[in-house]
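Notes follow the structure.
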Amino acid sequence: MLTETRAASDPDAFQRLEQLAQHATPTARSDALNKLTWIVIRKGGLVSDITVGDCIELTAALEEHHFRGSAGRPLFYALLKETGVLPASAPLRLRALRIEGRRSVEQIVDAYGIECRPVRDLLVEYFTERAPELDHVSLRSIARNLCRLFWRDLEIHHPGIDSLRLAPEVARAWKERLAFIRDAQGQPVRERVNFRSELVFVRAFYQDIARWAADDPARWAPWATPSSQTKVRSCSSEDYNEGMTFFLCSKCGTAITPELAELAAVPDPCDDEHDRDKETRRAPSTVPRGRYAIDPEPWGPPYVAQDDQEDPKPAQSRGPLVCREEGFVISAGVPDTVLIHPEDAPDLQPLPNWENSTGCCGPTGDEGLNRACPCGAPVATLAADCFGPYELHLDPVRTYAFSQ
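Next comes the structure, spelled out in structure tokens:
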């Protein structure tokens with residue numbers, strides 16, 4: 008795989024490096040080329056774009072993940088020095104660089120030279136909030152995306168920008184730039200293979216702030232704004248049908264559904280007992296195969312007591328009445344879930360121990376997320392009991408749309 012990547016990404020540069028490394032043992036030569044390939048894959052760009060910091064970061068990552076033998080092989084750094092990729096001021100040997108302890112969040116953000124102080128402070132707060140759930144390598148990776156590929160790019164192309172609320176043309180131009188790896192002159196070299204996953208981090212940034220603003224408005228509400236990534240549009244027209252959308256896991260970027268066409272509104276399914284499947288007792292699916300709809304109504308927990316206990320409503324749209332200790336309840340859960348046919352997400356799995364999947368003939372769907380992506384992240388709620396609807400709700404934060 009790495010050999011093919013070298014041939015596709017920067018063949019002339021890698022061929023030159025391999026020729027310069029002919030004096031080394033096959034193991035050392037392969038190790039050096041693989042390390043340089045990893046940097047190109049992870050950072051994007053060409054061999055000529057590799058920096059001393061990239062070399063330090065790779066070495067630190069190898070040590071953190073216990074590849075200490077490989078981390079100590081310096082040939083890849085020597086090749087970069089010999090070919091002039093690294094500046095003359097760079098030390099001759101990698102071991103001459105004293106790798107300090109883990110940098111603070113402030114140091115990580117400040118390394119990207121963000122000019123707008125309020126946005127810089129926001130990013131520091133954001134990464135400080137997320138740091139406990141991330142390892143250091145992941146934190147630096149996401150910081151590279153948000154600080155360099157997103158905000159610093161916007162500052163370069165729109166001097167003086169100071170708001171996360173991007174005009175449509177600004178967001179569109181940024182996505183077009185992100186879609187391609189570019190040379191030092193800014194000219195596109197090739198499509199960015201991880202384009203969609205880079206967008207995930209930006210969308211998650213907007214979604215996190217919006218969610219936190221509900222709990223701590225004084226701190227986050229001034230920055231809460233609709234995400235420009237809610238519907239991600241491709242810059243390539245070769246692989247996807249126009250007007251079609253598929254949905255991906257926000258955590259790992261894996262496609263959850265095939266291409267689907269949007270319905271203008273949630274259908275009104277038939278609730279006649281005779282229409283239910285004779286074996287499973289399931290109702291006909293609310294949404295037909297190959298389609299999706301945005302459900303504007305809240306779905307799932309938390310539930311609150313209804314004001315009118317004498318004439319209660321179903322706890323959630325297309326569902327039964329639910330009575331608990333506090334009386335009849337109604338959903339105050341997440342609105343705008345993506346409603347699809349359950350068979351259009353065949354790779355989703357029940358949560359461990361069938362969490363939130365209780366019911367008579369299937370999960371009621373009123374306990375919370377009960378279906379996970381293959382990566383393990385809970386992303387959806389299946390309702391498939393013998394009373395109530397048959398439908399799958401994709402969480403609007405834990406999944407995202409990609410459409411042409």
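To get the numbering used here, take the position in the sequence shown, counting from 1, and add 7.
Idealized CB from N, CA, C, for every residue including glycine.
Use the C-beta contact count for residue i: other C-beta atoms within 10 angstroms, 16 or more gives buried, fewer gives exposed.
| i | result |
| --- | --- |
| residue 99 | exposed |
| residue 287 | exposed |
| residue 152 | buried |
| residue 334 | exposed |
| residue 188 | buried |
| residue 183 | exposed |
| residue 16 | buried |
| residue 257 | buried |
| residue 206 | buried |
| residue 228 | exposed |
| residue 209 | buried |
| residue 200 | exposed |
| residue 338 | buried |
| residue 349 | buried |
| residue 10 | exposed |
| residue 225 | exposed |
| residue 96 | exposed |
| residue 289 | buried |
| residue 52 | buried |
| residue 316 | exposed |
| residue 174 | exposed |
| residue 344 | buried |
| residue 401 | buried |
| residue 125 | exposed |
| residue 320 | exposed |
| residue 193 | exposed |
| residue 170 | exposed |
| residue 111 | exposed |
| residue 114 | exposed |
| residue 131 | buried |
| residue 326 | buried |
Assuming residue i contacts residue j under a Cβ cut-off of 8 Å, what Cβ separation, rounded to an integer in Å, is found between them?
| i | j | result |
| --- | --- | --- |
| residue 13 | residue 44 | 6 Å |
| residue 336 | residue 302 | Actually they do not touch by this definition, with Cβ atoms about 18 Å apart. |
| residue 168 | residue 176 | The pair is not a contact, with the Cβ atoms about 13 Å apart (cut-off 8 Å). |
| residue 398 | residue 377 | Going by Cβ atoms, the distance from residue 398 to residue 377 rounds to 13 Å, so no, they are not a contact pair. |
| residue 20 | residue 59 | Actually they are not in contact, since the Cβ atoms of residue 20 and residue 59 sit about 17 Å apart, beyond 8 Å. |
| residue 354 | residue 370 | Not confirmed; about 17 Å, so no contact. |
| residue 216 | residue 158 | With a Cβ gap of about 13 Å, residue 216 and residue 158 do not count as contacting. |
| residue 86 | residue 24 | 5 Å |
Just reading off the alpha helix (DSSP H) that residue i is part of, what are its end residues?
| i | result |
| --- | --- |
| residue 177 | 175-185 |
| residue 132 | 124-137 |
| residue 404 | Looking at the DSSP string, residue 404 is not in any alpha helix (DSSP H), and its letter there is neither H nor E. |
| residue 148 | 143-150 |
| residue 44 | 33-50 |
| residue 22 | 18-27 |
| residue 117 | 112-117 |
| residue 164 | 160-164 |
| residue 224 | 224-227 |
| residue 88 | 82-89 |
Please list the terminal residues of the continuous beta strand (DSSP E) segment that includes residue i.
| i | result |
| --- | --- |
| residue 338 | 334-338 |
| residue 198 | 195-198 |
| residue 347 | 344-347 |
| residue 310 | 310-312 |
| residue 386 | 385-390 |
| residue 399 | 398-401 |
| residue 252 | 252-256 |
Taking C-beta to C-beta, are residue i and residue j nearer than 8 Å?
| i | j | result |
| --- | --- | --- |
| residue 297 | residue 268 | yes |
| residue 341 | residue 310 | no |
| residue 57 | residue 48 | no |
| residue 351 | residue 265 | yes |
| residue 82 | residue 35 | yes |
| residue 186 | residue 198 | yes |
| residue 408 | residue 202 | no |
| residue 412 | residue 218 | Residue coverage of the chain in this structure runs from 8 to 411, which leaves residue 412 outside it and unanswerable. |
| residue 346 | residue 406 | no |
| residue 68 | residue 144 | yes |
| residue 357 | residue 276 | no |
At least one CB of chain B closer than 8 Å to the CB of residue i: is that the case?
| i | result |
| --- | --- |
| residue 59 | In the structure shown, chain B cannot be found, because there is only a single protein chain. |
Checklist entry - Curious, which full-length alpha helix (DSSP H) runs of at least 4 residues does the segment 259-300 contain? => result none
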